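Here is the structure we will look at.
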Amino acid sequence: MIRATHLSVLGLFAVISVASAADDAKSEALRDHIPKPGVFPPAGAGIHWNGDLVMSDPMNRRGPLRKSQHAPRLYFAMLPYGMVSYHGAPADVRDIPLGTHLHGRFLLPIKGEEETIPLTEKQLKQSPSLRHSHAILLEDDVSFHQRQGRSWKVLGFEQGGGPAPRLKLSVEPIGPEIEGGLNKPTLFDIDDAARVWQKRSLVAKEAIKPDQEVQMNLTWGPFDSLAITDIWLDNESLTACREIQRQRHLRLIRSRFLPGWVDAVKNTDTGGGEVTVTLFGGMDPTLYEELSTTPHPKICDAATTLRTWSYHQEYSVRGETLQVETLENPPLGSSGIQMRLQIPQMLEGFRTGRIVRLKGPWTYVLLPADEWLASPEVFEQARRMRLP
Amino acid sequence: MKILHGILLLVSASLWLTPFPAQGEEGLREATLTFFEAHCYRCHGEEKQKGRFRLDTLTTDVENPLVAEKWAEVRFRINAGEMPPEDEAQPTAEEIGGVVDEITQKIQDGAAARMAKRGLVNHYRLSRQEYAHTIYDLLGVVFDVEAPGAFNADPLWHGFDRIGALLSVAPSHIGRYLSAADTVVALAFLEAEIPSETKRHSASEGKRRLLQLGESWRFHLKHPGRYRITIHGSGLPAFTGRIPHLSLWHHHHKRSFAGADLMGTEGNPSTLTFEGLFPAGDYDVRNHARTQRHANGSLKLFRNEEIDAAQPIASLKTQHPSPWTKVVDDEGRPVMPTLLLDWIQVEGPILTESDLAKREGVFPTDKTNLSEQRNALRRFAERAWRRPVVESELDRYLRFIATEQEAGESFATAYRSALTSILVSRSFFHIEMGSPDENRLLLNDFELANRLSYFLWSSMPDDLLFAAARRGDLSTSEGLAAQLDRMMADPKIERFLHSFPKQWLQLHRVGMFQPDPELYPEYDPWLEESMRQETIAYFTEMFQKNLPLRQAVDSNWTMLNARLAYHYGFPRPSATGFTRVELLPDSGRGGILTHASVLSLTSDGTRHRPVHRGAWLSEAILAFTPSPPPPNVDPLEPVAADKPKATIRAQLEAHATSPNCVSCHAKIDPLGLAFENFDAIGRWRDTERIREGMGVDPPVDPSGVLPDGRSFANASEFKKLLADDERRLAKAFLEQVATYALRRVMTVDDTEQLHTIVATAGHSEDGVKSLMRGLVLSELFKKR
């Protein structure tokens, strides 16, 4: 009996060990998932990373994050379906001021895009996680925390001491524990450079009172502390800032068009055919509504950077919406909206897995010439991030 | 019965309500008046004028052609059993016979008076196409009648462009004739001959020119004339198997002057050679299809570029986005029919011996020899005016030449001016029939030669026909038949075989309403041209093989090229160009009525139009023009988005609610509704695509009931019913051919003779050629 029990315990231990090993392998596979064109990654793929945005290549949606004083920069490129949030609203890399502390979800490069972020062997040896250089999600602190139901409760001001004495705001988290977040009471540097928002106004930091529930955006501070750039003392002030960012986003996408990728193509021998597109996620719902209800959207080729060719509006093809389908609980990166269009002209890039942008009922816009993919040479240059 | 409405449309559409003097039907028998009172006046009298027609005030002055036509229609309606309507009390057969006989007698009584009222000489102006053919046959000169500033398009009457009553001569015509004649004489007798050259336009070294659909490569012809154009390249079929068609497209005339399917593979190019008559101007060697242009008109997005000749086209799948059209699919196959051209060679203008022979003797060699001048002028004038000339007519030209020389002009210039004057004489641009000093009923031999040659060749008689006329051969049936047979076998009969079916069946309407590219992206100019050519080739086959007329409406064969076979969903014919294809019984095709041309020309750019199909069939095939619709009829509205989808047939049935509408539509609509299985570009369908509305697209219903009570389930059954009525088909066809040949609308005075021809040449075994022969040898053909 004892023997049997012993064996049972051993057996159970073995099962748990195997299961644990399997879990580890699964977790590792998820972490090192390699995205493929035309397929959104599984939930939880990649790693979390946070740091300040220290440079920006807004045309190609790239930049580096600096986590700390001595840490190597994480050079990243947005995945074509990578989403950006700023002030709680949809955004683009170009909307984020340098120095903003960001949280992101980073995956290995999409198949075929391995050279986008050129890393040396030495860099990779020093920090293997730099390989996870393609962002599916990038958020400032307010977006990151609010999305996950988190806020901060003000405990009060504290004057720091030592060789570099600084005023600090003592806060404790409200809400669930989150991956990559600060999940314990914390002190943030605060000075007169911090924007303190109340109602629709900027107020003095003296308006910050203990027990207030607040949201914050942060930046790197001396000695690897985090300093407050913006603090919202109420919902109204945050709503106002979010709306301003939302309007910037609407303006941008209405001129650059909604991105998506091609799920299926049916060529006809008259040079046209049908194209089925899934729109990428992270955009304002108004845009999806406007596009999916327009009978004649236009569609053009785009690169994985989402850059388009020359006069994208003129080179777009006018389509006819045949079908719009909406998927419940779409994967991260997808809007869940799939559109089937009939088009009179099949462009070179209308192939399964390739990126396109769709124009809704929006006004005529010409883009700055330096945003164009003006030639194959420009396209080739833009394929690799040029590091300083 | 198109003759009735023909006259009405040409002269007066208001006769229905014309208040003739109240003399009524004076001179009619009491029995006939009683018949009218019993069966007609209630609806066509003082109280009511159904169909806007009143009988009780219709005069019996049958010397008036319009009145005679009205009485002929009354006779037709009664004789055909249409009147009185079937729900009214019916007269006996004897009563009908009596009334019909009396009306017939009245019409015949007026025939001589109507003839006497005609002018002594009839002038029929040449259509611009006939002008071009005549100039070419006279002098071997290609004159571009469609060039800007040349001649305007001729007015059409039910598709015919040669109806004398419409081809008037305005002062502006004279200026254009003068300018045209100047050009023609200059081209025929140039001081310095245009040298024939050979020029080759090649792609750059190591390159080939890739042309996607609608794209082209341009070259220019400085002078009109005969050219040999050779093109070297490959024609790559699309992944679906559809092959490219290369076309020589005239940039200004907006039409193709030659073309062929190019079949050479990428590694094994082939050579196409076209030889023919070409006007001057820019030509696009085009991958014949709808040209895709950007909305702003400046950017062409289909590919037209030079590619590396060593690079297989399958490799043209780029790895980067671009604004350019896709060339190959993921398997490396062309997404659309694609041309890869290496070079275009143009040789010409080429002067043939036969062209030069036409100019022989026109220009005298000795400018001092007046006799030679007179002879040369006589020869030219007789050929140009297509009749003997009298010496006094030549005197004024000789005087003109002398006067010009006295004024300092060279002999050559003065003589050329005289030739120009001959070409601006009304005897040149008119076909003249009759004599100013006698009221002749019959044509003389030269007039008959003109009628015959413009009927069959759209041009002047040749030397043999002139000689036959001079000998008086055409006055005998044998002599006329011999010339007819010779002319039908001459290559110039192509002009008739191309022109007549186009005019008879109103093929000019094909593409008049360009199908909406979003609804019909597969519609393109080559398909449109192929549609017309199918019908022309079909008629040619019927003519060449003298096939019976019933095959015009019902057959088990058609003429197809690769493009149309693809359009119909049939296998590609093994031969290039148009070839006869036998059809399977369930193909749904067979006969002109199921040609895509006919089904398209009776549709608009977005949908088929069954009423128009019925009206066209009635007019073209049965030679009966239905009454036009009353004014202010509400059009059919598209189905609203919140209403169930409904076919046009269902909408029509709900639309025609007034008894007047119903009675007319009951006669017209079944003729069109029989073809409900064919969409606006002639493709087979089982359901009708409705853009708006709720539910699925409804199935089509091609069944119907003819006005005589016979029913049909679909187009095949309908065609059989139609084909069984052989004499009616023959009479209607003859009426169309006679309209074309005699250059005038058939009237009530021609009816009897048309019936006679049908009786002698309209048997079921008699073919199209036999009917035409019957017409040419008939009294009607010889009548002025």
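Protein sequence lines correspond, in order, to chains A and B. Quick note on my numbering: the first sequence kicks off at 725 and runs consecutively. Quick note on my numbering: the second sequence kicks off at 813 and runs consecutively. Here a beta-carbon is modelled for each residue, glycine too, at the ideal position from N, C-alpha and C. All values derive from a computational prediction rather than experimental measurement.
Bridge-paired residues (DSSP) for residue i
| i | result |
| --- | --- |
| Pro1511 (chain B) | B:Thr1499 |
| Gly1579 (chain B) | B:Pro1360 |
| His1032 (chain B) | B:Asp1094 |
| Gly899 (chain A) | Note: Gly899 (chain A) sits in no beta bridge, so no partner. |
| Tyr810 (chain A) | A:Ala813 |
| Arg1042 (chain A) | A:Lys1022 |
| Glu1049 (chain A) | A:Gln1062 |
| Glu1250 (chain B) | B:Ser1247 |
| Ser1046 (chain B) | B:Leu1152 |
| Phe912 (chain A) | A:Leu893 |
| Ile1055 (chain B) | BP columns for Ile1055 (chain B) are empty, so no partner. |
| Val762 (chain B) | Outside the displayed span of chain B (813 to 1596) sits residue 762 (chain B), for which this structure offers no information. |
Distance CB(residue i)-CB(residue j) smaller than 7 Å
| i | j | result |
| --- | --- | --- |
| Ile1067 (chain A) | Val1041 (chain A) | yes |
| Leu861 (chain A) | Gly899 (chain A) | no |
| Leu1258 (chain B) | Pro1313 (chain B) | The question names Leu, yet the displayed sequence has Phe at residue 1258 (chain B). Taking 7 Å as the Cβ cut-off, Phe1258 (chain B) and Pro1313 (chain B) do not qualify as a contacting pair. |
| Val1048 (chain A) | Met1063 (chain A) | yes |
| Arg1425 (chain B) | Thr1414 (chain B) | yes |
| Gly775 (chain A) | Lys791 (chain A) | yes |
| Ala753 (chain A) | Leu831 (chain A) | no |
| Gln939 (chain A) | Ser875 (chain A) | yes |
| Lys1543 (chain B) | Val1365 (chain B) | no |
| Leu1587 (chain B) | Val1549 (chain B) | yes |
| His1379 (chain B) | Leu1434 (chain B) | no |
| Val933 (chain B) | Glu1306 (chain B) | no |
| Met1109 (chain A) | Ile841 (chain A) | yes |
| Val1140 (chain B) | Ala1126 (chain B) | yes |
| Ala993 (chain B) | Leu1033 (chain B) | no |
| Pro1514 (chain B) | Thr1499 (chain B) | no |
| Lys862 (chain B) | Cys852 (chain B) | no |
| Leu1051 (chain A) | Gly1060 (chain A) | yes |
| Arg1419 (chain B) | Ala1466 (chain B) | no |
| Leu1003 (chain A) | Leu982 (chain A) | yes |
| Phe1114 (chain B) | Leu1025 (chain B) | yes |
| Trp1155 (chain B) | Ser1059 (chain B) | no |
| Ile890 (chain B) | Ile908 (chain B) | yes |
| Thr1000 (chain A) | Pro1085 (chain A) | no |
Of the residues the options, the one placed nearest residue i, counting alpha carbons only
| i | options | result |
| --- | --- | --- |
| Asn1262 (chain B) | B:Asn1251, B:Phe1240 and B:Arg1252 | B:Phe1240 |
| Met802 (chain A) | A:Ala795, A:Asp816 and A:Ala951 | A:Asp816 |
| Val986 (chain A) | A:Gly806, A:Ser867, A:Ile1023 and A:Gly995 | A:Ile1023 |
| Phe847 (chain B) | B:Glu881, B:Thr872, B:Phe1001 and B:Ala901 | B:Ala901 |
| Leu1589 (chain B) | B:Thr1052, B:Pro1124 and B:Gln1295 | B:Gln1295 |
| Ile902 (chain A) | A:Phe868, A:Pro909 and A:Leu891 | A:Phe868 |
| Ala1535 (chain B) | B:Gly1045, B:His1407, B:Arg1191 and B:Ser1367 | B:Ser1367 |
| Ser894 (chain A) | A:Pro887, A:Glu882 and A:Pro852 | A:Glu882 |
| Leu1182 (chain B) | B:Phe1212, B:Asp1167 and B:Leu1153 | B:Phe1212 |
| Glu1117 (chain B) | B:Arg1198, B:Ser1016 and B:Ile1043 | B:Ser1016 |
| Leu1583 (chain B) | B:Cys1476, B:Leu1566 and B:Arg1596 | B:Leu1566 |
| Gly1018 (chain B) | B:Pro983, B:Ile986 and B:Leu1153 | B:Leu1153 |
Cβ separation of residue i and residue j, assumed to be a contact under 8 Å, to the nearest whole Å
| i | j | result |
| --- | --- | --- |
| Ser1412 (chain B) | Arg1375 (chain B) | The Cβ separation is near 14 Å, so there is no contact. |
| Gly1071 (chain B) | Val954 (chain B) | Wrong, their Cβ atoms sit about 19 Å apart, outside the cutoff. |
| Leu942 (chain A) | Asp865 (chain A) | 5 Å |
| Ala1527 (chain B) | Phe1487 (chain B) | 5 Å |
| Leu906 (chain A) | Pro897 (chain A) | 7 Å |
Problem set entry | Residue ranges of each alpha helix (DSSP H) within the region 902 to 968 of chain B, 4 or longer | 905 to 928 and 940 to 951
Exercise. Which ranges does the alpha helix (DSSP H) cover as unbroken runs of at least 4 residues, wholly within the region 1344 to 1432 of chain B, from first to last along the chain?
Worked result: 1362 to 1365, 1374 to 1380, 1408 to 1413 and 1422 to 1432
Exercise. In chain order, which beta strand (DSSP E) runs of at least 3 residues are fully inside the region 814 to 864 of chain A?
Worked result: 825 to 831 and 858 to 864
For this session: Taking only runs that begin and end inside the region 1133 to 1183 of chain B, name each unbroken alpha helix (DSSP H) of 4 or more residues, in chain order.
Result: 1165 to 1171
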